[in-house]
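S.K.: So for the sequence shown, our numbering puts the first residue at 2; every next one is plus one. For glycine and all other residues, C-beta sits at the position ideal for the given N, C-alpha and C.
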Amino acid sequence: MRLFVMVGAPGAGKGTQAAILARALGVPHVASGELFRAAIRGETPLGRQVQEFMGRGALVPDELAIRLILHRLAEPDAADGAILDGFPRTRPQAAALDAALARRGAKVTGALYVGVREQELLRRLSGRWLCRAEGHSYHAVDHPPVRPGVCDIDGSELYQRDDDRPATVRARLERQLPPMYEVVDHYTERGILTAVDGEQSIEQVTEVLLRAMTQPAR
Ligand SMILES: [Zn+2]
2 MRLFVMVGAP
12 GAGKGTQAAI
22 LARALGVPHV
32 ASGELFRAAI
42 RGETPLGRQV
52 QEFMGRGALV
62 PDELAIRLIL
72 HRLAEPDAAD
82 GAILDGFPRT
92 RPQAAALDAA
102 LARRGAKVTG
112 ALYVGVREQE
122 LLRRLSGRWL
132 CRAEGHSYHA
142 VDHPPVRPGV
152 CDIDGSELYQ
162 RDDDRPATVR
172 ARLERQLPPM
182 YEVVDHYTER
192 GILTAVDGEQ
202 SIEQVTEVLL
212 RAMTQPAR
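Here it is, written out as structure tokens:
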């Protein structure tokens with residue numbers, strides 16, 4: 002199984018890339034947020050635990066998140082691999098994921114870091130619109146929906162969050178970037194990080210990442 006981990010700031014386009022790469026390789030795009038929501042909807046035992054935390058606005062504990070991920074990776078459509086998006090977000094999570102995979106004789110094949118300057122992240126995130134149903138993300142300039150105000154994927158209404166204002170976005174990045182850089186360091190130290198300039202076109206970013214992913218296994 003070839004397991005890839007996407008690394009990137011909010012607004013770097015890693016979710017978009019994960020979806021494109023997953024289609025290109027014929028493996029599932031496992032986005033942790035969607036995974037949690039699906040577990041809750043499915044009312045599985047794990048889903049009920051996730052609900053307990055998310056229901057009171059708490060973070061899903063790492064151990065539970067990893068159990069959900071391993072459960073998802075055991076499904077038949079992930080037999081050849083998967084692209085993980087949204088987890089790990091911290092170095093301890095990355096280490097815990099490595100340990101859990103190692104217990105199953107598995108490992109992360111490669112980490113794909115979509116790098117974007119903070120100034121550019123600010124510009125992108127300040128124009129962001131989200132859909133009410135699934136949180137699909139659009140941008141007033143870079144990625145407008147086909148119909149204004151409506152999600153292309155599920156037809157739900159788009160809205161802009163109060164905290165998509167520049168000052169709030171800057172504060173959020175200042176919180177989220179340091180742990181992300183530690184995740185970058187973690188996979189760099191393991192020698193499995195591919196970094197790509199995320200300010201190129203979507204197609205160029207995809208091309209670089211696909212080339213790295215289809216190299217013979219290291
Ligand atoms: Zn949507």
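Got a sec? Which residues, its chain only, sit under 8 Å from G82 by beta carbon, not counting five neighbours each side?
M.R.: M2, R3, L4, F5, L26, V28 and T110
S.K.: Of all the CB atoms in chain C, is at least one closer than 8 Å to the CB of Q52?
M.R.: In the structure shown, chain C cannot be found, because there is only a single protein chain.
S.K.: Can you grab the Cα-Cα spacing for the pair D186 / A23, in whole Å?
M.R.: Cα-Cα distance, rounded: 24 Å.
S.K.: Going by other Cβ atoms of all chains shown within 10 Å of its Cβ, with 16 needed for buried, is V51 buried or exposed?
M.R.: buried
S.K.: Measuring alpha carbon to alpha carbon, tell me which of H144, P180 and T45 ends up nearest R125.
M.R.: Here the closest residue by C-alpha is H144.
S.K.: Judging by CA-CA distance, which residue of G192, V209 and Y188 is the nearest neighbour of D198?
M.R.: V209
S.K.: Look up H72 in the DSSP assignment and say whether it is helix, strand or coil.
M.R.: helix
S.K.: Buried or exposed: which applies to G14, given that a residue is buried once 16 or more other Cβ atoms fall within 10 Å of its Cβ?
M.R.: Taking all protein chains in view, the Cβ of G14 is crowded by 16 or more other Cβ atoms within 10 Å, so the residue is classified as buried.
S.K.: Please list, in chain order, all residues with a C-beta atom less than 6 Å from at least one heavy atom of ligand 1.
M.R.: C132, A134, E135, H137, C152, I154, D155 and S157
S.K.: If we ignore side chains and look at the alpha-carbon of each, how far apart do F88 and S33 end up?
M.R.: 6 Å
S.K.: T195 by DSSP, collapsed to three states: which one?
M.R.: strand
S.K.: Given that a residue counts as buried once 16 or more other Cβ atoms are within 10 Å of its Cβ, and exposed if not, what is P179?
M.R.: exposed
S.K.: So what's E133 in DSSP terms, helix, strand or just coil?
M.R.: Going by the sequence as given, residue 133 is Arg instead of Glu. Coil.
S.K.: What are the residues that DSSP puts in a beta bridge with M7?
M.R.: L113
S.K.: Report the three-state DSSP secondary structure of I154 (helix, strand or coil).
M.R.: For I154, the three-state secondary structure derived from DSSP is coil.
S.K.: Could you check whether L122 and G12 sit closer than 8 Å to each other, using their CB atoms as the reference points?
M.R.: yes
S.K.: Ignore the nearest five residues each way along the sequence and tell me which others in A222's own chain have a CB closer than 7 Å to its CB.
M.R.: Here the chain has residues from 2 to 219 only, and residue 222 is not among them.
S.K.: Taking DSSP's pairing of strands, which residues face L85 in a bridge?
M.R.: V6 and V31
S.K.: Under the three-state reduction of DSSP, which class applies to S202: helix, strand or coil?
M.R.: In this structure, S202 counts as coil in the three-state DSSP scheme.
S.K.: Just verifying my parser: in three-state terms, what is the DSSP assignment at L159?
M.R.: In the displayed model, L159 falls within a strand according to three-state DSSP.
S.K.: On a CA-only basis, which of G48, A95 and L194 is nearest G116? Give me that one, please.
M.R.: The shortest Cα separation from G116 among G48, A95 and L194 belongs to L194.
S.K.: Going by beta-carbon coordinates alone, are R73 and E183 separated by less than 8 Å?
M.R.: no
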